[in-house]
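Enquirer:
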Amino acid sequence: MNRYLHYLYVSLLALAGSLAHADDSSYPVTNPFLATIVGTPPQLAAPVPPETEVRQTDLAVTVLPERHLPPALSRYHDLHYRLAWHNEPAPLIFLIAGTGSGYSSPRLDYLKRVFWQAGMHVIILSSPTNHDFIAAASRSGLPGLGLSDARDLHTAMSMAVEHARDKKNLQITEYRLAGFSLGALNAAFVAHLDQSLRQFNFTRTLLLNPPVDLYASIRRLDALARTQLDGVSSGDSFYEHIFQKLARYFAESGGTDIEGGLFYGIQSSDSALTDAEMAMLIGAVFRFAAADLNFMADLVTEGGRYAPAGEKLKVSTSLTPYLRRALFCDFSCYLETQLWPVWNNANDGKSIDDMAWDTSLYSIAGFLRDNPNIAALTNADDFILTADNYRFITETFGERALLYPHGGHGGNLQHRDVVATMLHFMEGDAQ
Amino acid sequence: MTKLPMTRLLAGCVLLTSIAAQGAEGIPEYHDPLADLTIDTEGSNYQFERSSLEALKVHDPIEGFNRRVYRFNGQFDDYVYLPVVNAYETVTPRFVRRGVSNVFANLADVPNLANSLAQGKFQKGGRTTARLLFNSTLGVLGLFDVAKAMGLPQESEDFGQTLGFYGVPTGPYLVLPLLGPSTLRDATGKAVDWSIEDAAAFLDNRHYMNDNPWAYGLYAINLRYINGFRYGSLDSPFEYDQIRYLYIKLRELQIQQ
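Chains A and B, in that order, give the protein sequences.
Quick note: the first sequence, position 27, residue 27 per this note's numbering, numbers continuous.
Quick note: the second sequence, position 174, residue 1174 per this note's numbering, numbers continuous.
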């Protein structure tokens, strides 16, 4: 009965809220590429405490003591993670970063403050595909497989939590889990693995903008970097083209501030970037992440594709020639040249489609469907999803699919309604 | 936990506007952003590769030395500079830190003004003069950034920009100990700016700072405090390469406008 009243109360509250702000409070950026780049306008973002007020520190733990790295990359020997904590007993939430993002990415720092403010300890871990995680915590050195990434993460999480407990006297009442983008897929697989291991017994797992079929999403990201641009001839540099637009904008507006609010200003001027240019910009960012991944995986497995095997990379060694080569290999190329041959050796007679299936949410659909403590939050215009992927999320998660019409890939995650939804799921009554 | 979707559903049913935006059962309808783009499926255009290779062509003849200094700066940041800055943040109230930043920014207005005038940017020069006057007379020694409150943002113009404005090429890329990314031209400019500050002896500041050597320490701490850049923040084994390109481009932008 109580619960029913609570429903009613919350419903009426939400109703009142939406009636009052029917037009001005929903996420306003309807262009998915722009949304992904600019995020949420500050006036619509859920307020969080400033970084300086959060009780937090960066720590490092040795996960693979036997791993040898050359001097140029020696700072990645230990796995670094970020911890925000309370002095009282509290639930601990792990946050897993997305493709090519580390534990210090601004998006996760925001989520950290949201959950810290709500009274949770927070540990942020780099994506298993990020160069630092590959070097410090990936046993195979070849991330991109659902189960083996989950095992690496589960180990790293156990060690980080023991380490943090030891250093800061954490008192942990229960464990929760969330991830963004590829980190969300990782979170689903970690939760699935932990169901067998029974170590953390996560009370909540939240998937933020997850891919469904990782390899399908990868192909879509790769495609972004091959967007055809109007007005850029085959001899021109795309970056020069963007910088020229910026320069024109600065010359016209007389502004000098190359930072906050920049993009909103440009997009309402004559120098606004086109959809194709924004898509290309996003694609380029992911291609640089792919270059990092290709280079680091190859280095750790001593493949010799980029840095010659056996070459000692000193602090003073120029890595530029290796970057030049790695830039030619996108995510699909990584799958084909590095991941598939090794997987194929271990799985005789299976196809690359089998490998894709094993690393998709399809392979753990039953677990996701029947588990009331797992939710997925995404947008109808998230460009990493195909129509089938999107339908899978709506059907599998049912009422636990938290869906928004706009926001692109994570652009609306700071919006106050979205943050309220996240916290509501995280803190709601256990099922 | 089923509460929220339920409320959203309810709200969706009542509000005609949201019904219009949503498909059946309140589920927003899928939209494929890639459908509106022209994608080069052959991959024969090489726009990304060509542009990125071009961006890696930066004149960097002493790269080995630069990379060592870059690593040193990062470690100095980790072990010395940032702990000191963090301690500074912990022990001094925000308004004091803002005051300190404003005092040094005010002193830097002198070379700003000189450089604006040297580049014939009189309107900008005019604004900088106004800033200087407002801040020095209204705010006590610029301790409160009155000009900012009045909507006159600080126009940062340094001698490196002036040189660039008159067509002096950047010269080789340099990573300066403690100060970070620079070029031969910008490093020269920095030295000139400091001597302008020296020569102008605005408000007799050099005399004061020489009598109170801790002021230089505060100057150094403030320099790091106001600079948001953190080594490692680009989160890539190729950070050096990316910073090198971004530094050159951002300076170009500053000079062009």
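The beta-carbon is built from N, C-alpha and C at its ideal position, and this holds for glycine as well.
Just so you know, these numbers come straight off a predicted model, no measurement behind them.
(1) Are residue 383(A) and residue 226(A) closer than 8 Å when you measure CB to CB?
(2) Please state whether the Cβ-Cβ distance between residue 110(A) and residue 82(A) is less than 8 Å.
(3) Looking at C-alpha atoms only, which residue of 195(A), 355(A), 170(A) and 215(A) is the closest neighbour of residue 181(A)?
(4) Does residue 275(A) come within less than 8 Å of chain B when only Cβ atoms are used?
(5) Under 7 Å between beta-carbons, which chain A residues line up against residue 1251(B)? List them in chain order, please.
(6) Specify the secondary structure class of residue 416(A) as computed by DSSP and reduced to three states.
(7) Using a C-beta cutoff of 8 Å, does residue 1182(B) count as contacting chain A?
(8) Mapping DSSP to helix, strand and coil, what is residue 213(A)?
(9) Would you mind stating whether residue 317(A) and residue 72(A) have Cβ atoms separated by less than 8 Å?
(10) I'd like the list of long-range same chain contacts for residue 339(A), defined as Cβ closer than 6 Å, with 5 residues on each side in sequence excluded.
(11) Suppose the cutoff is 7 Å on Cβ atoms and the five residues either side in sequence are ignored; what does the same chain contact list for residue 393(A) look like?
(12) Using a Cβ-Cβ cut-off of 6 Å (strictly less than) and excluding sequence neighbours within five positions of residue 204(A), which residues of its own chain qualify?
(13) Using a Cβ-Cβ cut-off of 8 Å, state whether residue 131(A) counts as contacting chain B.
(14) Does residue 1066(B) pass the burial test, meaning 16 or more other C-beta atoms within 10 Å, or should it be called exposed?
(15) Determine, using beta carbons only, whether residue 38(A) and residue 113(A) come nearer to each other than 8 Å.
(16) To the nearest angstrom, how far is the alpha carbon of residue 273(A) from that of residue 198(A)?
(17) Starting from residue 176(A), follow its DSSP beta bridges and name the residues at the other end.
(18) Quick check on DSSP: helix, strand or coil for residue 1189(B)?
(19) Buried or exposed for residue 422(A), going by 16 or more other Cβ atoms inside 10 Å?
(20) Counting only Cβ pairs nearer than 7 Å, list the residues of chain A close to residue 1028(B).
(21) Judging by CA-CA distance, which residue of 1037(B), 1046(B) and 1032(B) is the nearest neighbour of residue 329(A)?
(22) From this set, 161(A), 86(A), 345(A) and 237(A), which residue's C-alpha is nearest residue 277(A)'s C-alpha?
(23) Does the stretch 320-334 of chain A come close enough to the stretch 159-168 of chain A to have 3 or more Cβ pairs within less than 8 Å?
(24) Less than 8 Å between CB atoms is the rule here; does residue 1033(B) satisfy it with respect to chain A?
(25) Tell me, which residues are paired with residue 1181(B) by DSSP?
(26) Does the beta carbon of residue 98(A) come closer than 8 Å to any beta carbon on chain B?
(27) Mind checking the stretch 198-228 of chain A against chain B and listing, in chain order, the residues whose C-beta falls within less than 7 Å of any C-beta there?
(28) Which residue's Cα is closest to the Cα of residue 359(A): 101(A), 76(A) and 210(A)?
(29) How would you write the range of the alpha helix (DSSP H) that residue 388(A) sits in, first residue to last?
(30) How many whole angstroms separate the CB atoms of residue 167(A) and residue 59(A), which I take to be in contact at a CB cut-off of 8 Å?
(31) Residues in the same chain with beta-carbon distance under 7 Å from residue 23(A), minus the five sequence neighbours each way, listed in chain order, please.
(32) Taking only beta carbons into account, state which residues of the stretch 277-289 of chain A come closer than 9 Å to chain B, listed in chain order.
Expert: By the coordinates alone:
(1) Taking the first residue of the first sequence as position 1, residue 383(A) is located at position 383. Taking the first residue of the first sequence as position 1, residue 226(A) is located at position 226. Going by C-beta atoms, residue 383(A) is not nearer than 8 Å to residue 226(A).
(2) As a first step, residue 110(A) must be located in the first sequence, where it is residue number 110. As a first step, residue 82(A) must be located in the first sequence, where it is residue number 82. Against a cut-off of 8 Å, the Cβ pair of residue 82(A) and residue 110(A) comes out as no contact.
(3) Counted from its first residue, the first sequence places residue 181(A) at position 181. The residue with the shortest Cα to Cα distance from residue 181(A) is 215(A).
(4) Sequence index remark: in the first sequence, residue 275(A) carries index 275 (1-based). It does; some Cβ of chain B falls within 8 Å.
(5) The residue given as residue 1251(B) occupies position 251 in the second sequence. Residues of chain A passing the Cβ test: none, with the nearest at roughly 11 Å.
(6) Residue numbering aside, residue 416(A) sits at position 416 when the first sequence is read from its first letter. Helix at residue 416(A).
(7) Stepping through the second sequence from its first residue, residue 1182(B) is reached at position 182. No, no contact with chain A.
(8) Sequence index remark: in the first sequence, residue 213(A) carries index 213 (1-based). Looking at residue 213(A) - three-state DSSP - the assignment turns out to be strand.
(9) Position 317 of the first sequence, counting from 1, holds the residue named residue 317(A). Position 72 of the first sequence, counting from 1, holds the residue named residue 72(A). Contact flag set, yes.
(10) Here residue 339(A) refers to the residue found at position 339 of the first sequence. The answer, listed in chain order, is 142 and 144.
(11) For the purposes of this step, residue 393(A) is identified with residue 393 of the first sequence, where counting begins at 1. Counting only Cβ-Cβ distances below 7 Å, and skipping sequence neighbours, we find 212, 376, 378 and 401.
(12) Taking the first residue of the first sequence as position 1, residue 204(A) is located at position 204. Excluding positions up to five away in sequence, the list reads 176, 373 and 426.
(13) Residue numbering aside, residue 131(A) sits at position 131 when the first sequence is read from its first letter. It does; some Cβ of chain B falls within 8 Å.
(14) Within the second sequence, residue 1066(B) is the residue found at index 66, counting from 1. Buried, since its Cβ has 16 or more Cβ neighbours within 10 Å.
(15) As a working mapping, residue 38(A) is identified with position 38 in the first sequence. As a working mapping, residue 113(A) is identified with position 113 in the first sequence. Cβ distance not < 8 Å, so residue 38(A) and residue 113(A) don't count as in contact.
(16) Taking the first residue of the first sequence as 1, we reach residue 273(A) at position 273. Taking the first residue of the first sequence as 1, we reach residue 198(A) at position 198. Approximately 49 Å, taken between the alpha carbons.
(17) Counting from 1 along the first sequence, the entry for residue 176(A) is found at position 176. DSSP lists 93(A) and 204(A) as partners of residue 176(A).
(18) As a working note, residue 1189(B) is residue 189 in the second sequence. If DSSP states are grouped into helix, strand and coil, residue 1189(B) belongs with the helices.
(19) What you label residue 422(A) is simply residue 422 of the first sequence in a count that begins at 1. Buried: at least 16 other Cβ atoms inside 10 Å.
(20) For this step, residue 1028(B) is matched to residue 28 along the second sequence. Simply 380, 403, 404 and 405.
(21) Along the first sequence, read from residue 1 onward, the residue named residue 329(A) stands at position 329. That would be 1046(B), whose Cα lies nearest to the Cα of residue 329(A).
(22) For the purposes of this step, residue 277(A) is taken as residue 277 along the first sequence, with counting starting at 1. If we check each option's Cα against that of residue 277(A), 237(A) comes out closest.
(23) no
(24) On the second sequence, position 33 is the one that residue 1033(B) refers to. By this cut-off, residue 1033(B) is an interface position.
(25) Residue mapping note: residue 1181(B) aligns to position 181 of the second sequence, counting from 1. Residue 1181(B) is bridged to 1175(B).
(26) Your numbering for residue 98(A) matches position 98 in the first sequence. Taking Cβ atoms only, chain B never reaches closer than 8 Å to residue 98(A), which makes this a no.
(27) 220, 223, 225, 226, 227 and 228
(28) Translated into positions along the first sequence, residue 359(A) becomes position 359. Among 101(A), 76(A) and 210(A), the Cα nearest to that of residue 359(A) belongs to 210(A).
(29) As a first step, residue 388(A) must be located in the first sequence, where it is residue number 388. Element bounds for residue 388(A): 387-397.
(30) The residue given as residue 167(A) occupies position 167 in the first sequence. The residue given as residue 59(A) occupies position 59 in the first sequence. Their Cβ separation, rounded to whole angstroms, is 6 Å, which keeps residue 167(A) and residue 59(A) in contact under 8 Å.
(31) Within the first sequence, numbered from 1, the residue matching residue 23(A) stands at position 23. With a pLDDT of 46 at residue 23(A), under the threshold of 50, the predicted position of this residue should be treated as unreliable, though the coordinate-derived value follows. So no residue of the chain qualifies.
(32) 279, 280, 283, 284, 287, 288 and 289
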